[in-house]
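**Student:**
Number of protein chains: 2
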Amino acid sequence: MSLKIKDIAEKANVSVATVSRVLNGSDKVSQETREKVMEVIEKYNYQPDKIATSLRRKKTGIYGIIFSVKGGKVLEDTYSTKFLKGVLNYLSKKGLKLIVDIHESSDIVEYYDSVIQSKIIDGFILLDLRKNDERIKFLNQKKFPFVVIGRNDENDFVYVDSDNVSGAYMAIKHLEELRCKRVLYISGNEGIPVSEQRLRGVESASNDLNVSVDVVYGDFDEEKTVEILKSILKKGFDYDGIFCASDTMAYAAIKFLKRFGIEVPIIGYDNIPLSEVVGLTTVDQNIIKIGYSAAQALDKMVNGEEVVSLVVPSKLVKRQSTLNFSKRYFK
Amino acid sequence: MSLKIKDIAEKANVSVATVSRVLNGSDKVSQETREKVMEVIEKYNYQPDKIATSLRRKKTGIYGIIFSVKGGKVLEDTYSTKFLKGVLNYLSKKGLKLIVDIHESSDIVEYYDSVIQSKIIDGFILLDLRKNDERIKFLNQKKFPFVVIGRNDENDFVYVDSDNVSGAYMAIKHLEELRCKRVLYISGNEGIPVSEQRLRGVESASNDLNVSVDVVYGDFDEEKTVEILKSILKKGFDYDGIFCASDTMAYAAIKFLKRFGIEVPIIGYDNIPLSEVVGLTTVDQNIIKIGYSAAQALDKMVNGEEVVSLVVPSKLVKRQSTLNFSKRYFK
DNA sequence: AGTTTTAATGTAATCGATTACATAAAGAGA
DNA sequence: TCTCTTTATGTAATCGATTACATTAAAACT
Numbered sequence: 004m005s006l007k008i009k010d011i012a013e014k015a016n017v018s019v020a021t022v023s024r025v026l027n028g029s030d031k032v033s034q035e036t037r038e039k040v041m042e043v044i045e046k047y048n049y050q051p052d053k054i055a056t057s058l059r060r061k062k063t064g065i066y067g068i069i070f071s072v073k074g075g076k077v078l079e080d081t082y083s084t085k086f087l088k089g090v091l092n093y094l095s096k097k098g099l100k101l102i103v104d105i106h107e108s109s110d111i112v113e114y115y116d117s118v119i120q121s122k123i124i125d126g127f128i129l130l131d132l133r134k135n136d137e138r139i140k141f142l143n144q145k146k147f148p149f150v151v152i153g154r155n156d157e158n159d160f161v162y163v164d165s166d167n168v169s170g171a172y173m174a175i176k177h178l179e180e181l182r183c184k185r186v187l188y189i190s191g192n193e194g195i196p197v198s199e200q201r202l203r204g205v206e207s208a209s210n211d212l213n214v215s216v217d218v219v220y221g222d223f224d225e226e227k228t229v230e231i232l233k234s235i236l237k238k239g240f241d242y243d244g245i246f247c248a249s250d251t252m253a254y255a256a257i258k259f260l261k262r263f264g265i266e267v268p269i270i271g272y273d274n275i276p277l278s279e280v281v282g283l284t285t286v287d288q289n290i291i292k293i294g295y296s297a298a299q300a301l302d303k304m305v306n307g308e309e310v311v312s313l314v315v316p317s318k319l320v321k322r323q324s325t326l327n328f329s330k331r332y333f334k
Numbered sequence: 004m005s006l007k008i009k010d011i012a013e014k015a016n017v018s019v020a021t022v023s024r025v026l027n028g029s030d031k032v033s034q035e036t037r038e039k040v041m042e043v044i045e046k047y048n049y050q051p052d053k054i055a056t057s058l059r060r061k062k063t064g065i066y067g068i069i070f071s072v073k074g075g076k077v078l079e080d081t082y083s084t085k086f087l088k089g090v091l092n093y094l095s096k097k098g099l100k101l102i103v104d105i106h107e108s109s110d111i112v113e114y115y116d117s118v119i120q121s122k123i124i125d126g127f128i129l130l131d132l133r134k135n136d137e138r139i140k141f142l143n144q145k146k147f148p149f150v151v152i153g154r155n156d157e158n159d160f161v162y163v164d165s166d167n168v169s170g171a172y173m174a175i176k177h178l179e180e181l182r183c184k185r186v187l188y189i190s191g192n193e194g195i196p197v198s199e200q201r202l203r204g205v206e207s208a209s210n211d212l213n214v215s216v217d218v219v220y221g222d223f224d225e226e227k228t229v230e231i232l233k234s235i236l237k238k239g240f241d242y243d244g245i246f247c248a249s250d251t252m253a254y255a256a257i258k259f260l261k262r263f264g265i266e267v268p269i270i271g272y273d274n275i276p277l278s279e280v281v282g283l284t285t286v287d288q289n290i291i292k293i294g295y296s297a298a299q300a301l302d303k304m305v306n307g308e309e310v311v312s313l314v315v316p317s318k319l320v321k322r323q324s325t326l327n328f329s330k331r332y333f334k
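Sequence lines, in order, name chains A and S.
Under the working numbering, the first residue of the first sequence carries the number 4, and numbering increases by one thereafter.
Under the working numbering, the first residue of the second sequence carries the number 4, and numbering increases by one thereafter.
(1) Give every residue of the same chain whose Cβ lies closer than 6 Å to the Cβ of A:Lys-334, excluding the five residues on either side of it in the sequence, and list them in chain order.
(2) Let's see if you can read the secondary structure: which residues bound the alpha helix (DSSP H) around S:Phe-259?
(3) Under 6 Å Cβ to Cβ from S:Val-320, same chain only, skipping five residues before and after it: list those, please.
(4) Would you identify the three-state DSSP class for A:Gly-36, choosing helix, strand or coil?
(5) Residues of chain S with CB under 7 Å from A:Glu-137, in chain order?
(6) Suppose only complete runs of 3+ residues qualify. What are the beta strand (DSSP E) ranges in the segment 17–98 of chain S, listed by chain order?
(7) Less than 8 Å between the C-beta atoms of S:Phe-127 and S:Gly-67, yes or no?
(8) Leaving out five residues before and five after S:Ser-108 in sequence, what residues of the same chain have Cβ atoms less than 7 Å from its Cβ?
(9) Based on DSSP bridge pairs, tell me the residues matched to A:Glu-107.
(10) Rounded to whole angstroms, how far is the Cβ of S:Val-150 from the Cβ of S:Leu-301, which I believe are closer than 8 Å?
(11) By DSSP's criteria, A:Tyr-115 is part of a beta bridge. Which residues make up the other side?
(12) Below 8 Å between beta carbons: does that hold for S:Leu-283 and S:Ser-324?
(13) Give every residue of the same chain whose Cβ lies closer than 6 Å to the Cβ of S:Ala-298, excluding the five residues on either side of it in the sequence, and list them in chain order.
(14) Out of S:Val-17, S:Lys-134, S:Asp-80 and S:Lys-122, point me to the one whose CA is closest to S:Glu-343's CA.
(15) Taking only beta-carbon positions, decide if S:Phe-202 is within less than 8 Å of chain A.
(16) Determine the DSSP secondary structure at A:Val-311, reduced to helix, strand or coil.
(17) Compute the Euclidean distance between the alpha carbons of S:Val-311 and S:Lys-140, then round it to the nearest angstrom.
(18) What is the DSSP secondary structure of S:Phe-246, reduced to helix, strand or coil?
(19) Which residues in the same chain as S:Val-32 place their Cβ atom closer than 8 Å to its Cβ, once the five residues preceding and following it in sequence are excluded?
(20) Once the 5 residues before and after S:Ser-198 are set aside, which same chain residues still bring their CB inside 7 Å of it?
(21) Just the Cα atoms here: how many angstroms apart are S:Glu-179 and S:Tyr-162?
(22) Counting only beta-carbon separations shorter than 8 Å, does S:Glu-79 have a partner in chain A?
(23) Would you check if the segment 257–272 of chain S and the segment 230–248 of chain S touch, i.e. whether three or more CB-CB distances between them fall below 8 Å?
(24) Name, in chain order, the residues that DSSP records as bridge partners for S:Leu-187.
(25) Within 8 Å of any Cβ in chain A, is that where the Cβ of S:Val-112 sits?
(26) Need the endpoints of the alpha helix (DSSP H) that A:Gly-170 sits in, please.
(27) S:Ile-291: which of A:Lys-14, A:Thr-36, A:Glu-79 and A:Ile-44 sits nearest, CA to CA?
(28) Measuring CA to CA, which of A:Arg-201, A:Asp-10 and A:Thr-36 is closest to A:Val-216?
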């Protein structure tokens, strides 16, 4: 049906080798021949078969992301989509492709192995990094290219991460600018890197600036947040500002405290769509940029270039949940 | 590095043809030989190179979805993700892969053509169907397999669509059950299939049941909705129920009317995440199922099976925006 | 002019599978 | 026992590119 390199070669009166050379710009082909061949290629709108090319070159130009299915909550948040968008922005610019896949979290290493063996993919982007992640050990040992989103203590890999430290710092700084003196920070789960990084930012801001911050460990979710606030209320609530490690927590806090007539500046983290609707001030982690950079890093790595890990800055999105309080002091 | 069929053949003391036969279960291989070969395959954890297989078979086992970038609002909603999830649920079960891609809406046909010519993909799923869609003409003419999400009047293709007619019918029926008599339906843009289908459901319910429905055309968005309500308020608002063609519209309506002290049962369409938070009753379109079915249909089509188009039923999710009013009458 | 170098192109092997065709061995039928 | 099937397996072509190596012609050098 569709033309192959041999057909083009015949029509242009040259050998397939010459057509291939023209196609790949590389070798020395005379200007004359090059033009003659290009003419035929354009006339017939010829494009090489990527499968054949891949077989020969041992490189497909396809990268992979495998979402682990746990509980079924994969690919339901806007995080995944924004991330994909960033990745695709880079890849589409380069004519590269992305395979998106899902798999149960069990046997995950085996699954990566089978994908590698199938030879379809040149490299992976890893999401949902865990402590002591088996995938990383495996891929490192296989010397198969990959880039990780997020980081942990080991860091025997190239990663792209959002700057949780400065993100949290900005949040506290903003509260300080609103004249908050005693801030409550409800952290995410203890012991995971994201929580530790954000806590570091909080503490660093509290040291630099004129704010005292109390830290309580939550778990990124609503229920636990309410529980924490309940026990604090019992002892008497005397904070004049709250920072939560996620928007979900912050939203829960606002709703809960309102019932007790308590209204203080509150900041969340993540900038989920709901936050825009309810006017929650929050830290926005440029997820698109993270995706873009990860794809770029992976691509460089696959092509043998030197690659360094990267921390992408976040920005504070100021909305009513804090701005309403600025009127009290300014203007 | 990794083993090829030739290595397996040598280790098992048979020819590559025999190994291939064992691999593909097909031909007649003696029980004895089959076991001998399987043993070697398992011992070395051999897996065929999919690129080589694809070249020979002229089929890759990879399907494609191309998101059109227009304005930049692609892949930002939960629709895309849920849809992907459905597609992936099917494909991963079958060991098939999905390439997710984006492209400017201009030159879109050319882009599909180039993807086809690259031979990477066995078939497409088309999103964002338009009237008189060029892609469909092109793919039909090329006889390249594809399945469409949504449908239009032409329907010279296989599609999977959500049942907008019955979705809208259920909404009106629910309002009727709450004893609404005069309902306002704010439709989506006039002239597009989704709007027409939903309108059909509304009208059919209005005929069957004891409700009168006034229809106004909006555009699925907030601003226009508010505009419409403003002009209605001027003439005097005497509806006892509202149905909107999207959750975004419904949420805008609730917010706007509240300012005038108007509170009536309101139903939206789409079940966006916000709706759960604010308690909006809405029609949920089972997007995951739609994705799953589309992938399945495409797969059948590629494998030469007979395929029929499919309409996936939606369900009504009842929440406070209507249930609050049921107390007025029942209990 | 004769030899060497350089540039341009062609020939054929290769990537790793599948499969049409060939062949050998075993079983069936006479 | 001899021929005819049938069954199991092997040989080699093929998919459509890339590329090492060979070859030829032209340019450069002595």
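All residues carry an ideal CB built from backbone N, CA and C; glycine is no exception.
The structure displayed is predicted, hence computed values, not measured ones.
**Tutor:** With the structure as the only source:
(1) As a position in the first sequence, residue 334 of chain A is number 331, starting the count at 1. Only weak support exists for where A:Lys-334 lies, its pLDDT of 41 falling under 50; the coordinates are left without a value.
(2) The residue given as residue 259 of chain S occupies position 256 in the second sequence. That run of the alpha helix (DSSP H) goes 250–261.
(3) Counting from one through the second sequence, the residue named residue 320 of chain S turns up at place 317. Here the set comprises Asn-274, Thr-285 and Asp-287.
(4) Residue numbering aside, residue 36 of chain A sits at position 33 when the first sequence is read from its first letter. Looking at the sequence shown, residue 36 of chain A is not Gly but Thr. Note: A:Thr-36 maps to helix in three-state DSSP.
(5) One-based indexing of the first sequence puts residue 137 of chain A at position 134. Going along chain S, no residue has its Cβ under 7 Å from A:Glu-137, so there is no contact; the nearest lies around 17 Å.
(6) 65–72
(7) Numbered from 1 along the second sequence, position 124 holds the residue referred to as residue 127 of chain S. Numbered from 1 along the second sequence, position 64 holds the residue referred to as residue 67 of chain S. Going by C-beta atoms, S:Phe-127 is nearer than 8 Å to S:Gly-67.
(8) Indexing the second sequence from 1 puts residue 108 of chain S at position 105. So the qualifying residues of the chain are Ser-71, Val-72 and Lys-73.
(9) As a first step, residue 107 of chain A must be located in the first sequence, where it is residue number 104. Answer is A:Val-72.
(10) For the purposes of this step, residue 150 of chain S is taken as residue 147 along the second sequence, with counting starting at 1. For the purposes of this step, residue 301 of chain S is taken as residue 298 along the second sequence, with counting starting at 1. Right, the Cβ-Cβ distance comes to about 4 Å (below 8 Å), so this counts as a contact.
(11) On the first sequence, residue 115 of chain A is found 112 positions in, with the first residue counted as 1. A:Tyr-115 pairs with nothing; no bridge assigned.
(12) One-based indexing of the second sequence puts residue 283 of chain S at position 280. One-based indexing of the second sequence puts residue 324 of chain S at position 321. Contact: yes.
(13) Mapped onto the second sequence, residue 298 of chain S falls at position 295. So the list reads Val-90, Tyr-93 and Leu-94, once near-sequence residues are dropped.
(14) Look at the range of chain S in this structure, 4 to 334, and you will see that residue 343 of chain S is not part of it.
(15) Counting from 1 along the second sequence, the entry for residue 202 of chain S is found at position 199. For the record, residue 202 of chain S in the displayed sequence is Leu; it is not Phe. No, S:Leu-202 lies away from the interface with chain A (no Cβ there is under 8 Å from its Cβ).
(16) Within the first sequence, the letter at position 308 stands for residue 311 of chain A. Correct three-state label for A:Val-311: coil.
(17) The residue labelled residue 311 of chain S in the question sits at position 308 within the second sequence. The residue labelled residue 140 of chain S in the question sits at position 137 within the second sequence. So the alpha carbons of these two residues sit roughly 19 Å apart.
(18) In the second sequence, counting from the first residue as 1, residue 246 of chain S sits at position 243. Of the three classes helix, strand and coil, the one that applies to S:Phe-246 here is strand, per DSSP.
(19) Taking the first residue of the second sequence as 1, we reach residue 32 of chain S at position 29. So the qualifying residues of the chain are Thr-21, Arg-24, Val-25 and Val-40.
(20) Numbered from its first residue, the second sequence carries residue 198 of chain S at position 195. Cβ within range, chain order: Ser-190, Gly-191, Asn-192 and Ala-248.
(21) To locate residue 179 of chain S, count along the second sequence from 1; it is residue 176. To locate residue 162 of chain S, count along the second sequence from 1; it is residue 159. Using only the alpha carbons, I get a separation of about 32 Å.
(22) In the second sequence, the residue the question calls residue 79 of chain S occupies position 76. Cβ-Cβ to chain A under 8 Å: yes for S:Glu-79.
(23) yes
(24) Here residue 187 of chain S corresponds to residue number 184 of the second sequence, with the count starting at 1. Paired residues: S:Asp-217 and S:Ile-245.
(25) Locating residue 112 of chain S in the second sequence gives position 109, counting from the first residue. No, its Cβ sits nowhere closer than 8 Å to a Cβ of chain A.
(26) In the first sequence, residue 170 of chain A corresponds to position 167, counting from 1. Element bounds for A:Gly-170: 167–180.
(27) The residue given as residue 291 of chain S occupies position 288 in the second sequence. Of the candidates A:Lys-14, A:Thr-36, A:Glu-79 and A:Ile-44, the one whose C-alpha sits nearest the C-alpha of S:Ile-291 is A:Glu-79.
(28) Here residue 216 of chain A refers to the residue found at position 213 when the first sequence is read from its first residue. The candidate whose alpha carbon is nearest that of A:Val-216 is A:Arg-201.
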